[in-house]
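The structure appears right after this line, and notes come after that.
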Amino acid sequence: IAVDIPIWQPDNCIQCNRCSYVCPHAVIRPVALTEEELAKAPEGTKTIDMIGMPGMKFAITVSAYDCTGCGSCANVCPGKKGEKALVMGNMEANVASQDIFDFGREIEVKPEVVAKFKPETVKGSQFKQPLLEFSGACAGCGETPYAKLVTQLFGDRMYIANATGCSSIWGNSSPSTPYTVNVKGQGPAWSNSLFEDNAEFGYGMLLAQKAIRKRLKEEVETVAASAEASAEVKAACQEYLDTFNCGASNGDASDKLVAALEGCNCETCKDIVKNKDFLAKKSQWVFGGDGWAYDIGFGGVDHVLASGEDINVMVFDTEVYSNTGGQSSKATKTGATAQFAAGGKETKKKDLAGIAMSYGYVYVAQIAMGADFNQTVKAIAEAEAYPGPSLIIAYAPCINHGIKKGMSKAQTEEALAVECGYWNNFRFNPAAEGAKFTLDSKEPTGDYQAFLDGEVRYNALKRANPEKAEKLFAKNEAEAKERYAYLKKLVTLYGEE
Ligand SMILES: Cc1ncc(C[n+]2csc(CCOP(=O)(O)OP(=O)(O)O)c2C)c(N)n1
Ligand code: SF4
Ligand code: SF4
Ligand code: SF4
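Numbered by this note's numbering, the letters in the sequence shown go through residues 50 to 546 in order.
Put into C-alpha cells, the structure is as follows:
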C-alpha cells in the first residue's frame, strides 16, 4: 500500500527504538538475535552488535507490505551526526525486507532483553511484541501508537472495552481484527459497545472478573487449607494468594497453580483448572475518543472514575469526533473550525483532567507522545500500577486537523503543541510518595499563533473571517496561559509533603 517505505541504514542507528515506538501500524520493529538465529536469517539481513547485550545482534525490520509509507518513523529517527538511520525508499525495490520482517516476527521475545532495557521504557517496551498490528487506521494516525504501546506493556493479560469511534474501527473491522496474540496464545480480549457507554461496559467487565476471581480465590484457600494437599500444591496456592492483586506476578503464579493442580482429582481443583483463564489478575482498560469521553459518555466516565475501582480509562483526544467526519466536541478548542462549529468554536475546551483530579483518588495524566516519549510510557505504566481508577488523556493528531506539514510530522506537531503551551503534559498520582502532581511540560516558549496557523482547522477561519479568527485565536491563547498558570498552582498545592 506504500509507495515508499523506510530503509534501515545500520551504520547510523543508535538502537533507540523510537521508530518502532511511534509507528501507528506496528510495521517497523527491533529484533534481538543470537548468532544461531542470525545464521538462519534470510539473505540480505543486516545487523549490528547490540548495545548492552554482548554476543547479541540487533536489527530493525520493516514489513514492506503493511507499511503505509507515513514516514513517521523516519521523522523521529535521531540517527548519528545528522545522518538518519531510516531513509524512505521505493517499496518495490525493497520488497525483500518483508521476508526479513517475517523471520524476525517469528523470533520469540527474549525475556533477558526486555528485563535488561526494562519494559516501561521507550527502548525496552519495543522489544515486546505489539499485540495490535497492521490496523486500517490512516497513515500517520495519532491514536494507534498509544494503543499499541498499551498492548506491548499489558496485552498478554488485558481486557479492552472500546467506545465507538475511530478506535473501534481501526480496532476491529469484523471479521478481521488487528489485535493479535503472542506465542502462548495470549492477547487482549476486546469488545465494543456501540452507544458510547463503554465506561460502564468496561466497569461491568471488571465487576464480572472480580466476582469470578473471588469465587476462585475461595476455592484456592480451601485447597491450601486441605490436609490432603501436598506441600507443592500448598506452596503454589500460597503464591497465587499472595500475588492476588498484583498483575505483573499473578499471571506466573496462576500458571504455576494450574500446573500444580492439573493432576488433582477433587472437584474444587478441577473447577479451578477449568476456569484457568480467569485466575490471573487482568488489566482492565476502557478506550475511546473525546466525543465519547467529554460528551456522550461523560456521565459513565465520571461514574466509573468515582467508583474507586482498579480500572484504566484511555481517551484518544483528537479534539473532534474523528470517525463521523470531524464534528466539534467539548474537547474542541476556541477558534477551531469543525462540523457544527463552521464559524469557529466560541467556547473553551472542557478540563476533563481537572474534573477527574478533583476526586483526589483518581490517577490522571495528560500525554503527548511526540513531545515526550518517556513521559508517555511512564504515565501508562503508573496508571496501570495504580490500584484505583486511572484516566489518561492522550493528544492525538488526526487527518481532521489538516496539519500543513502532513501526517508524517504528526509526532513533531505533538512536540510543537507542548512547546507553545497548546497542550500540557502532566501526571497526578495519588499514590506517589512526595509530590503527587508533576508538571512534565516546560514553561511554554513556542510561537502559539504560528502553531495554530500550521493547521487547516484553525487556518480556515483566518481565511474565511480574519477578524473573528484574530479574536478567537487570541482567546484560545489566553485560555492556554490561564491553564498553565493553574497547573503551576497545582505543583504548589500538591508539591512535596
Ligand atoms: C449514543 C451514540 N450517539 C451517536 C453515536 C454515533 N457515533 C459513532 S462514532 C461517533 C464519533 C466518535 O468520536 P470520538 O469519540 O471523538 O472518537 P474518534 O472517532 O475521534 O476516535 C459517534 C458520534 C453513537 N455511536 N452512540
Ligand atoms: S512509514 Fe509509517 S507505517 Fe511505515 S514503518 Fe514508518 S511509521 Fe510505520
Ligand atoms: S529511530 Fe533510527 S536510530 Fe533509533 S532505532 Fe530506529 S532506526 Fe535506529
Ligand atoms: S480519522 Fe484521525 S483518528 Fe481516525 S484513523 Fe484517521 S488519523 Fe486516526
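Built from N, CA and C at the ideal position, the CB exists for glycine as well. Computed from a predicted structure; not experimentally measured.
If you draw a straight line from the Cα of Gly348 to the Cα of Pro103, it is about 53 angstroms long. Ranked by Cα distance from Val232, the options Asn508, Glu519, Asp60, Val158 are led by Val158.
Two segments are said to touch when three or more pairs of C-beta atoms, one from each, lie closer than 8 angstroms; by this definition the segment 443-453 touches the segment 361-371.
Ile218 and Ser121 have their alpha carbons spaced roughly 21 angstroms apart. Counted as a single uninterrupted DSSP element, the beta strand (DSSP E) harbouring Thr110 occupies residues 106-111. The residue from Glu86, Lys89, Phe107, Gly101 with its alpha-carbon nearest to that of Lys95 is Phe107. Two segments are said to touch when three or more pairs of C-beta atoms, one from each, lie closer than 8 angstroms; by this definition the segment 419-429 does not touch the segment 394-408.
DSSP places Tyr435 outside both helix and strand once states are collapsed to three, so it counts as coil. With respect to the C-alpha of Glu161, the residue from Gly191, Glu141, Ala81 having the closest C-alpha is Ala81.
Ile63 is the residue among Ala434, Ile63, Asn124, Tyr412 whose C-alpha sits nearest the C-alpha of Ile100.
CA-to-CA, the gap between Thr292 and Ser240 works out to about 27 angstroms.
Here Glu462 carries a helix assignment [DSSP, helix/strand/coil]. Here Trp334 is not near Tyr228, since their CB atoms are 8 angstroms or more apart. Secondary structure note for Leu181: it is in no beta strand (DSSP E), with a DSSP letter that is neither H nor E. Judged by DSSP in its simplified three-state form, Pro55 adopts strand. The C-beta distance from Phe183 to Asp115 rounds to 5 angstroms, short enough to meet the 8 angstroms contact threshold.
Taking the Cα of Thr373 as reference, the smallest distance to any Cα among Gly338, Asn361, Gly357 is reached at Gly338. The continuous beta strand (DSSP E) containing Asp366 extends over residues 361-366. In the displayed model, Lys129 falls within a strand according to three-state DSSP. Tyr412 is bridged by DSSP to Ser439. By the Cβ test, the segment 174-181 is in contact with the segment 67-78, since at least three Cβ pairs between them sit closer than 8 angstroms. Scanning the segment 161-246 for uninterrupted alpha helix (DSSP H) segments of 4 residues or longer gives 171-174, 193-203, 215-218, listed from N- to C-terminal end.
DSSP links Asn299 through a beta bridge to no other residue.
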